[in-house]
Amino acid sequence: MEFPHDGESVYYRYQAAYVRSWSGDLLYCTGPGVNRIQGNWDLISVVLDTQSPTPPTQPYFHHVKLNGDFQGQEFHELRQASTSTFTGIILSDVADHANAKQDFETFFCQLLLREANFAITHQSTSLNPVSLDRYDQATEEIVSLFDRFLRYQGENDKWIESGRAYFAERVRHFTSQGRRIELCLPAFPCKSSNIDKVTGKDPDRGELLALERLHSFVEAVEKIYDVGAKLWIISDGHVFSDCIGVDDEDVDLYGLKLIKMNRAIGLRRGNPDRVGFKSLVDLFELDGRYKHKLARLSKLDIPTIDHHVETRVTTEAELCRRILMAGCQSQRSGLRARIESQDAAILALYRGFSRFMLEDLEHHPFTRTMSRSKQKKLSAKVAFEMIMRNQAYSNLVELLFPNHIRLSIHAHNNAGPKFGIQLFDPAVVRAVESLSPNSNPMTSRDLLHIPTPWHNSVVKVVGSKVLCVTKAKVVRDALADGGMTGSLLGQENQIDSIPAVYYTVCATATKREAAEQQEEHKEPQKTIPKITITSNRDSRAS
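Numbering-wise (the working numbering), the sequence shown opens with residue 8 and increments by one.
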């Protein structure tokens, strides 16, 4: 789906990012205007060199407006004293740019230039032709690994037609340099506020299973490509927490416990650096190391944002949301116009989010005393805000991680640049609508997201060879009506004292015996194959 691509924020004025040497040579360039910049670099570099001060001993930032063929283009450059290169970003200019907005733009561009990870090596590669051939082979093997191990196949899948080639090019960006492969996944925000879905506020066995699967994928890459890989989880908790009825402090605690769980998994598997975490607070440099920045940022013209659900917000998280939207949001009028014009893709997304938020906020203290009609109106407002926030966050990730392989827990057509993944191994985990032996598989409702740990609970049914992922209410109802007995337990082998809780249930005697008698008259079923890195394509769940 193509999102309305218009706005005056920095993202929508972004033309290119580049790296140049002190002598003026263009080392790297990316962005929608890359061809124009590369084709005219000789002219541009002359202007930039005349504006550049002598080599500094401290990092510095400067801003250049070009005339002539590039009139209206703004060049923002940052030079770190520890390197001999400039990193720059090019924006299209806007008329009547207020000084207050210019101050924020300068701040945001500096932030992007400090935090952007281009994943490039400036020095010429030392790989010889034999090594290059080996890494080309590794590229193809890694693409095939992702295809059969992690990829989620949704509707209108275009992996074969174009996605596979796009994914391979992203992998080749790293292997051609002999660099560690880097992937990013916006995910693991916080537990849903709907108690019908989850066991509580903390990471549980669902998160444990998902993290183990991501570690397994990176380990499998290491067996193919000795340089290895790293998967960055870019937590989007603070992007949406005020929309989904979760306090910012709960997001912070969830993140800290998740990081602890992830480190314990890594240590047990021999490498704690396979999966890492970044949040908005990290990306915007507002963690404990930068407390002094808060006072300075409060003087910038950063618009406030709307809150439709009552939650407790923290200063840092709220400022992050404001910076995100000021720097990367699209025009609200563009989205509203697409909805009102009955654009099929946008309207389906909007209605899907509205239904989802109506369900997710059902038991929130702010909404449970509302009439159903008021709840629906609120859900529609929240859905609109969620779409705006989601697109702004996607824009930010694009700016900060332009060459990373972008993964998603949303269902995509897999043509690129984003690829949907399965967080649960379908060989050992089954996402279901109920605990009945004949339950329908859980679907990606309205293509909003693939089944995740933070919207569900894990259930171990005694006698079953697979774990179930379903809504907590399904389990509680089964226990309440006497069809099953069981309870909420901690993981049998706790990791670093982290109680990765899950439900364990057993059918009551009468119903179990009836089920066993019924099973005796059924045709034998095939065993569910386990996915390994050598399994064939048929073992992948659709």
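Positions of the beta carbon are idealized from the N, C-alpha and C atoms, including for glycine.
Contact between the stretch 115-125 and the stretch 379-393 is not established, with fewer than three Cβ pairs separated by less than 8 Å.
With at least 16 other beta carbons inside 10 angstroms of its own, A194 counts as buried. Boundaries for S242: no alpha helix (DSSP H) harbours it, while the beta strand (DSSP E) harbouring it runs A236 to S242, taken from the DSSP string.
The beta carbons of F431 and P458 sit closer together than 8 Å. According to the DSSP assignment, I44 belongs to the alpha helix (DSSP H) that extends over V41 to G46. By the Cβ neighbour-count rule, S16 is buried, with 16 or more other Cβ atoms within 10 Å of its own. 8 Å or more divides the Cβ of A399 from the Cβ of L326. Distance from the Cα of G427 is smallest, within the candidate group G170, P448, K480 and L274, for G170.
Counting other Cβ atoms within 10 Å of its Cβ, D211 reaches 16 or more and is therefore classed as buried.
Of the candidates E81, K388, V150 and V436, V150 places its Cα closest to the Cα of I167. Y18 and R328 have their C-alpha atoms spaced approximately 15 Å apart. Segment contact: the stretch 175-189 against the stretch 435-447, fewer than three CB-CB distances shorter than 8 Å; contact not assigned. Note on the stretch 215-276: whole beta strand (DSSP E) runs with a minimum of 3 residues are 236-242, in chain order. Looking only at D484, G489, K480 and L474, the smallest Cα-Cα distance to T511 is reached by L474. Per DSSP, the beta bridge partners of G95 are Y25 and E84. Bridge partners of K467 according to DSSP: T511.
In terms of Cβ geometry, V246 and L307 do not form a close pair [threshold 8 Å]. Within the stretch 279-347, the runs of alpha helix (DSSP H) at least 4 residues long that lie entirely inside it are, in chain order, 287-290, 300-304, 322-335 and 339-347. With a cutoff of 8 Å on beta-carbon distance, I272 and H222 are scored as near each other.
Residue pairing of P193 in beta bridges, as defined by DSSP: I241.
Per DSSP, Y159 lies in no alpha helix (DSSP H) segment and is marked neither H nor E. Straight through space, the alpha carbons of V26 and I353 are spaced by roughly 37 Å. DSSP, read as helix, strand or coil, puts G427 in strand.
Shortest Cα-Cα distance from F114 to any of L407, L304 and G31 involves L304. Our two residues, L260 and S248, have alpha carbons roughly 13 Å apart in a direct line.
R319 is classed as exposed because its beta carbon has fewer than 16 other beta carbons within 10 Å across all chains shown.
L34 sits away from Q45, with the two beta carbons spaced by 8 Å or more.
Counting along the chain, the unbroken alpha helix (DSSP H) around T182 starts and ends at R171 to T182. In the displayed model, G489 falls within coil according to three-state DSSP, outside both helix and strand. Distance from L368 to G252 at the Cβ level is roughly 6 Å; contact confirmed, criterion being Cβ atoms closer than 8 Å.
For R362, there is no enclosing beta strand (DSSP E); the enclosing alpha helix (DSSP H) has its first and last residue at A351 to D367.
Annotated three-state conformation of V435 is coil, per DSSP.
Residues G423 of the same chain have their beta carbon placed closer than 6 Å to that of Y173, with the five preceding and five following residues left out of the count. Contact between V476 and N463 is confirmed by a C-beta separation of about 5 Å, below the 8 Å threshold. Between L157 and V228, the C-beta gap is not smaller than 8 Å, which leaves the two residues out of contact.
Excluding the 5 residues flanking it on each side, I346 has same chain C-beta neighbours closer than 7 Å at I353, L354 and Y357, in chain order.
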